[in-house]
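Protein chains in written order, with the working numbering: chain G, 795 to 921; chain X, 12 to 492; chain D, 39 to 518.
Yeah, the Cβ is synthetic: ideal placement off N, Cα and C, and Gly gets one too.
All figures in this text were calculated on a predicted structure; none of them were measured in a lab.
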Amino acid sequence: MEHSLDPYASLLIHIVSGVGFALTTWVGSLLLGRVGRATGVKNVPYECGMLPEPGPQPRFSVKFYLVAMLFILFDIEIVFLYPWSVVYREYLQQYGVEILGVLATFTAILFAGYLYAIRKGALDWSK
Amino acid sequence: MSLLLILTIVLPLAASLLIMAGADPRRTSLVAAVVNLAFSLVLFFGYDRTAGGWQFLSEWKILPKLGINMTLGADGLTLVMILLATLVTVSALWVAPKVEKYNGLYHVSLLFISAGVIGAFASLDVLFLYSFHELALIPTFLMIGIWGTGDRQAAAWKATIYLGLGSFVLLIGLIALYISIPSGHRTLDLRELDQLATSGVLHPSALIYLLLLVGFGSLVSLFPLHSWAPGAYACAPPPAAMLHAGVLKKFGLYGLIRIALPLFPEAMHELNGLLLLLVVGNILYIGYVTVSQKRLDWTIGYSSVMHMGYIFLGLASLNMIGVSGAALLMFAHGLSVAAAFALCGEIRRRTGTLEYSELGGIARTAPVLALLFGFATMASLGLPGFANFAGEVLVFFGATAAGSVMVIPVIVAVWGVVISAIYMLRAYRNVFWGPVVQRWESVADIASGAKWAVILLLLPLMIAGFYPQFILKMAGTALPH
Amino acid sequence: MNTLYLEIAVVVLGIILLMVESYSASANKARLAWIGAIGLFGVLLLSFIPQHAPAPGSPAAAFITSDLLSVFFVRLILAATIVFLLTVPSFFPALRISLPAEREGGGLGEFAILPIFVCAGLMWMVSAVDFIMIFVSLELATITLYILATYLRQNTASLESGTKFLILGALSTGFIVYGISWLFGTTGTTNLLALPSAIAALPEAAVTPLLFGIGMILVALSFKISAFPFQFWVPDVYQGAPTPVTSYLSVASKAAGFVVLIRLLGALWAIPAVSHQIHAVITLLAALTLIFGNFAAIPQTNMKRLLGYSSVAHAGYLLMAVASLSSKMAVPAIGFYFAGYLAMTMLSFVVLQVVSEATGGDEISRFNGLGRRSPLLAGAMLLAAASLAGIPFTAGFIGKLLVFEVALKQGHYGLVALGCVTVAAGFYYYFKVIRAMYWQQPAEETSIAVPGALRFLIAVLGAAIIAFGVYPAPILAALR
Numbered sequence: 795m796e797h798s799l800d801p802y803a804s805l806l807i808h809i810v811s812g813v814g815f816a817l818t819t820w821v822g823s824l825l826l827g828r829v830g831r832a833t834g835v836k837n838v839p840y841e842c843g844m845l846p847e848p849g850p851q852p853r854f855s856v857k858f859y860l861v862a863m864l865f866i867l868f869d870i871e872i873v874f875l876y877p878w879s880v881v882y883r884e885y886l887q888q889y890g891v892e893i894l895g896v897l898a899t900f901t902a903i904l905f906a907g908y909l910y911a912i913r914k915g916a917l918d919w920s921k
Numbered sequence: 012m013s014l015l016l017i018l019t020i021v022l023p024l025a026a027s028l029l030i031m032a033g034a035d036p037r038r039t040s041l042v043a044a045v046v047n048l049a050f051s052l053v054l055f056f057g058y059d060r061t062a063g064g065w066q067f068l069s070e071w072k073i074l075p076k077l078g079i080n081m082t083l084g085a086d087g088l089t090l091v092m093i094l095l096a097t098l099v100t101v102s103a104l105w106v107a108p109k110v111e112k113y114n115g116l117y118h119v120s121l122l123f124i125s126a127g128v129i130g131a132f133a134s135l136d137v138l139f140l141y142s143f144h145e146l147a148l149i150p151t152f153l154m155i156g157i158w159g160t161g162d163r164q165a166a167a168w169k170a171t172i173y174l175g176l177g178s179f180v181l182l183i184g185l186i187a188l189y190i191s192i193p194s195g196h197r198t199l200d201l202r203e204l205d206q207l208a209t210s211g212v213l214h215p216s217a218l219i220y221l222l223l224l225v226g227f228g229s230l231v232s233l234f235p236l237h238s239w240a241p242g243a244y245a246c247a248p249p250p251a252a253m254l255h256a257g258v259l260k261k262f263g264l265y266g267l268i269r270i271a272l273p274l275f276p277e278a279m280h281e282l283n284g285l286l287l288l289l290v291v292g293n294i295l296y297i298g299y300v301t302v303s304q305k306r307l308d309w310t311i312g313y314s315s316v317m318h319m320g321y322i323f324l325g326l327a328s329l330n331m332i333g334v335s336g337a338a339l340l341m342f343a344h345g346l347s348v349a350a351a352f353a354l355c356g357e358i359r360r361r362t363g364t365l366e367y368s369e370l371g372g373i374a375r376t377a378p379v380l381a382l383l384f385g386f387a388t389m390a391s392l393g394l395p396g397f398a399n400f401a402g403e404v405l406v407f408f409g410a411t412a413a414g415s416v417m418v419i420p421v422i423v424a425v426w427g428v429v430i431s432a433i434y435m436l437r438a439y440r441n442v443f444w445g446p447v448v449q450r451w452e453s454v455a456d457i458a459s460g461a462k463w464a465v466i467l468l469l470l471p472l473m474i475a476g477f478y479p480q481f482i483l484k485m486a487g488t489a490l491p492h
Numbered sequence: 039m040n041t042l043y044l045e046i047a048v049v050v051l052g053i054i055l056l057m058v059e060s061y062s063a064s065a066n067k068a069r070l071a072w073i074g075a076i077g078l079f080g081v082l083l084l085s086f087i088p089q090h091a092p093a094p095g096s097p098a099a100a101f102i103t104s105d106l107l108s109v110f111f112v113r114l115i116l117a118a119t120i121v122f123l124l125t126v127p128s129f130f131p132a133l134r135i136s137l138p139a140e141r142e143g144g145g146l147g148e149f150a151i152l153p154i155f156v157c158a159g160l161m162w163m164v165s166a167v168d169f170i171m172i173f174v175s176l177e178l179a180t181i182t183l184y185i186l187a188t189y190l191r192q193n194t195a196s197l198e199s200g201t202k203f204l205i206l207g208a209l210s211t212g213f214i215v216y217g218i219s220w221l222f223g224t225t226g227t228t229n230l231l232a233l234p235s236a237i238a239a240l241p242e243a244a245v246t247p248l249l250f251g252i253g254m255i256l257v258a259l260s261f262k263i264s265a266f267p268f269q270f271w272v273p274d275v276y277q278g279a280p281t282p283v284t285s286y287l288s289v290a291s292k293a294a295g296f297v298v299l300i301r302l303l304g305a306l307w308a309i310p311a312v313s314h315q316i317h318a319v320i321t322l323l324a325a326l327t328l329i330f331g332n333f334a335a336i337p338q339t340n341m342k343r344l345l346g347y348s349s350v351a352h353a354g355y356l357l358m359a360v361a362s363l364s365s366k367m368a369v370p371a372i373g374f375y376f377a378g379y380l381a382m383t384m385l386s387f388v389v390l391q392v393v394s395e396a397t398g399g400d401e402i403s404r405f406n407g408l409g410r411r412s413p414l415l416a417g418a419m420l421l422a423a424a425s426l427a428g429i430p431f432t433a434g435f436i437g438k439l440l441v442f443e444v445a446l447k448q449g450h451y452g453l454v455a456l457g458c459v460t461v462a463a464g465f466y467y468y469f470k471v472i473r474a475m476y477w478q479q480p481a482e483e484t485s486i487a488v489p490g491a492l493r494f495l496i497a498v499l500g501a502a503i504i505a506f507g508v509y510p511a512p513i514l515a516a517l518r
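Okay, here's the thing in structure tokens:
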């Protein structure tokens with residue numbers, strides 16, 4: 795190859811194929827699908843199972859939010875471990891102890907948060 | 012001796028701390044004031060007039076990099092003003108009644124005003140000159156608002172806004188003056204500023220002078236920045252009115268003599284026409300307004316505004332005679348207006364009203380009160396024998412000597428004496444003479460305490476009236492020859 | 039010692055307290071606040087051990103510095119946090135009403151612990167020299183502050199305050215991230231120290247996107263320092279938030295915002311390509327903030343809103359000094375102004391806290407006749423208001439004096455003239471409080487008791503106001 799593909803070309807291909815796929819399916823279903831008599835029920839995206847639009851105020855236990863939030867928090871924090879593990883080898887020579895210490899501190903702080911959450915009963919479903 | 016000068020400022024503050032801690036307000040404050048008067052007399056007579064210049068110096072470094080130091084010291088003019096301040100303080104505390112609400116705070120405020128003005132007069136540093144004045148101003152507002160009579164809140168607000176804005180314009184003027192000094196010479200010390208001016212380093216613009224004139228002018232109730240004054244004095248409790256009209260207001264004039272005269276000779280020449288115009292307004296316009304007043308306190312309030320015109324005239328003459336006349340008049344007016352407000356308060360305490368239409372014939376049962384008020388009236392009219400006379404005469408001489416520009420202002424000023432005779436005599440007649448109103452058939456005479464408080468003010472006035480050199484020689488040490 | 043260790047000590051203190059709070063059986067949560075205050079005081083003392091910046095080239099040096107500015111403001115923030123913690127125990131009664139807890143003392147402990155984390159965040163923020171670091175520490179501080187602002191859970195005003203703060207805070211976070219990304223996109227660095235040389239090497243065409251990025255960051259910082267036109271959240275948030283939080287918000291969080299502004303502008307100030315526009319924008323910002331803060335404060339009847347607008351007004355005076363950053367006295371002037379501002383603002387909030395506890399509201403009319411009900415409180419408020427208005431012999435006066443002096447020297451005559459007018463307006467609205475305390479009749483005659491810790495605070499803060507006002511040299515020397 796005389797010159798490599800411009801890096802942005804792959805992006806272009808990605809966009810074209812994404813939009814193209816959506817267009818193709820939509821146009822295809824318009825052309826091929828048989829259009830019956832449209833009723834309100836029939837136009838609902840899923841014709842069986844749960845209704846997609848529930849009543850105005852369904853009841854959830856507030857604990858659900860708490861647990862979900864805690865999950866997201868710890869989940870996101872763990873994501874930070876990923877870049878660390880990627881660069882660990884490179885920096886090992888130069889900053890061996892420090893870089894381990896940084897991670898240990900980070901985890902310790904997380905752990906303190908975890909202990910706090912347990913003690914405050916945030917993970918206790920029965921209560 | 013320099014310690015004594017510091018003590019005159021510290022003593023009132025220490026006394027107010029004692030009062031806050033629970034000491035008896037009246038006794039503590041009076042003792043402090045009397046001791047302070049003694050100090051100021053010692054300083055007054057201890058000043059070496061032949062040596063002249065600044066004496067009793069002491070200095071603390073505050074912001075040396077900016078050239079700001081707290082420097083205290085005194086020359087003749089300072090000592091005259093400090094004497095005035097301590098005299099009026101004693102008298103004001105003497106006539107101060109026992110008030111129902113915040114009795115302690117009442118005396119603390121008076122002591123703060125006293126400490127503030129003495130500090131302002133004794134400061135050689137322009138910034139502290141300004142700062143001490145503010146320290147005195149705040150308690151004045153509080154006093155009008157808390158213990159005033161009539162429409163006290165409106166009066167206090169008006170004074171607050173006028174004087175607050177005025178002193179801020181003044182501050183900007185002072186900062187601008189500081190900035191206009193070539194860097195390397197920057198200082199706020201009056202002595203060094205004088206030197207810079209005489210050696211020609213300093214070339215401040217006329218605009219800065221104008222800022223200072225507006226700033227100081229609104230503090231002294233220079234026409235047309237005067238409208239806060241009569242109402243504030245009418246509503247203020249008598250001791251506050253005495254201290255403010257008698258002493259604190261003189262700060263603006265003192266500042267002009269100290270700062271504007273030596274540093275802005277050219278600008279003062281250039282803008283003298285403007286100052287003279289305002290002086291004419293002060294004397295003529297305010298004079299006629301005073302004549303039409305229907306209450307004693309408003310009359311005295313306006314008359315004190317009007318008399319500022321004479322002092323400004325003395326300054327505007329820009330010569331030794333006129334300015335020393337102005338200095339003498341500052342001293343004299345301070346004492347006479349304080350006496351007038353003290354007596355005014357005594358009358359109100361007896362009758363509950365100061366309307367001319369309701370008063371009359373009080374002299375029959377209160378002869379001493381009438382006599383003292385008569386003296387105060389004569390003093391403020393400028394009759395011979397009182398220091399006011401000597402001061403006014405010197406001002407007229409100085410002004411006449413200053414050239415043909417001054418002819419009209421001098422004529423107006425002389426006519427002003429007639430106007431003030433009209434309103435003061437009318438006030439005296441309406442209150443003390445004439446047919447006896449039934450309600451006042453048994454008005455009590457002045458109490459002996461208040462009597463001596465007023466005599467304390469009138470006596471120096473007469474001494475200085477018969478022997479004006481007593482003040483003039485002292486004040487003269489501060490004035491440029 | 040470099041400054042990093044101070045912040046680490048603060049965080050460790052916070053975590054230990056958090057663990058103690060959750061695992062100890064004691065219901066005495068006030069003790070946590072005392073321990074926290076003592077611990078922070080220890081850190082404050084540690085900060086006087088000579089500091090040095092991280093060694094050049096070390097990983098920390100890219101993010102953190104330890105210059106005079108950062109050391110000064112680290113101490114300021116520690117002091118503000120200590121004041122906050124000392125006011126916390128006497129705020130517990132008010133908290134208990136709006137904070138139903140299953141267990142005795144539940145939810146109270148965190149109110150004393152969260153400020154410690156805010157403190158750490160703000161300390162990092164004033165020492166940071168890299169936008170990444172600034173952003174992370176900013177988030178640590180503000181997210182914690184969101185919680186503190188809405189702490190009175192059952193009080194709708196507090197919820198409103200917290201919600202507005204959260205939404206607008208998130209918006210400003212968006213602005214700052216967006217701005218940083220533009221800055222990084224054009225210059226290739228997020229480091230403030232490397233920024234000047236990076237900009238100098240930029241081609242002509244890159245200046246516009248660069249200015250766009252700087253503009254976005256300035257918008258976000260204007261939120262933090264409550265400069266017009268991004269001040270609109272201030273009165274609502276200040277009014278609803280618990281009083282100690284409001285006090286802290288208006289001092290510590292604003293101080294950190296100003297330090298970041300100074301660092302950013304300090305890096306850009308002398309660069310010809312952008313300096314012209316930046317000078318103009320800051321001057322305009324200062325003028326508008328002065329006008330809005332002071333004139334909107336005049337009609338206020340609620341004390342917290344009044345203090346909110348007044349804090350906008352003070353941001354205006356501070357911006358005046360920022361607009362004169364070419365002068366070497368500008369940064370000392372700002373530092374001094376903040377030292378005084380800390381004392382006077384926190385003093386007035388301490389008084390407000392006691393008064394609203396005793397009378398049940400924050401309106402100025404609740405101060406009626408305070409002079410008779412509690413001479414101590416009224417005297418303290420008088421002193422604070424006098425200082426806020428700028429009366430001589432108080433810290434506020436010297437602060438304004440320095441700011442005006444700096445501005446005049448740099449030729450900002452218009453700003454100074456405007457400043458005169460707004461100072462007069464300030465006289466008016468601060469005196470409204472004094473008038474209520476001394477001129478009006480009290481609604482009831484009972485005297486108001488002041489808890490011991492608050493007495494101590496009033497004495498210390500009041501003494502600081504006068505001491506700074508009479509002898510400002512040591513504070514200024516700390517910044518020069």
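Query, Result
"Proximity of leucine 230 of chain D and leucine 133 of chain D at Cβ, strictly below 8 Å", "no"
"Nonlocal neighbours in the same chain, by C-beta distance under 6 Å from alanine 47 of chain D, ignoring five residues either side", "Val81"
"Cβ pair phenylalanine 67 of chain X, leucine 138 of chain X closer than 8 Å", "no"
"Three-pair Cβ contact test at 8 Å for the segment 291-304 of chain X versus the segment 451-458 of chain X", "no"
"Short CB-CB distance (under 8 Å) between tyrosine 375 of chain D and chain X", "no"
"Same chain, Cβ closer than 6 Å to glutamine 192 of chain D, five either side skipped, listed in chain order", "Ser136"
"First and last residue of the uninterrupted alpha helix (DSSP H) at serine 229 of chain X", "217-231"
"Residues that lysine 914 of chain G contacts on chain D, provided the C-beta gap is smaller than 8 Å", "Ser60"
"Buried/exposed call for alanine 63 of chain D, threshold 16 Cβ in 10 Å", "exposed"
"CB of lysine 342 of chain D within 8 Å of CB of tryptophan 271 of chain D, strictly", "no"
"Test: isoleucine 218 of chain D CB closer than 8 Å to a CB of chain G", "no"
"Local Cβ density within 10 Å of threonine 39 of chain X, reported as buried at 16 or more and exposed below that", "buried"
"Nearest to valine 21 of chain X (by Cα), restricted to the options X/Lys109, X/Ser229, X/Phe123, X/Glu70", "X/Phe123"
"CA-to-CA distance, isoleucine 186 of chain X to arginine 197 of chain X, given in whole angstroms", "11 Å"
"Own chain residues within Cβ distance below 7 Å of tyrosine 286 of chain D, not counting five before or after", "Ala118, Phe122, Pro153"
"Inter-stretch contact at 8 Å, needing at least 3 Cβ pairs: the segment 318-336 of chain X / the segment 402-416 of chain X", "yes"
"Residue closest to phenylalanine 469 of chain D, alpha-carbon to alpha-carbon, out of D/Phe213, D/Leu178, D/Ala416", "D/Ala416"
"Cβ-Cβ separation, leucine 88 of chain X to alanine 486 of chain X (assumed contact under 8 Å), whole Å", "5 Å"
"Contact under 8 Å by Cβ, alanine 398 of chain X with proline 479 of chain X", "yes"
"C-beta neighbour in chain D for threonine 171 of chain X, strict 8 Å", "yes"
"Where the segment 174-198 of chain X meets chain D: residues whose CB sits under 7 Å from a CB there", "Gly175, Leu176, Phe179, Val180, Ile183, Ile186, Ala187, Ile190"
"Terminal residues of the alpha helix (DSSP H) in which glutamine 206 of chain X lies", "201-209"
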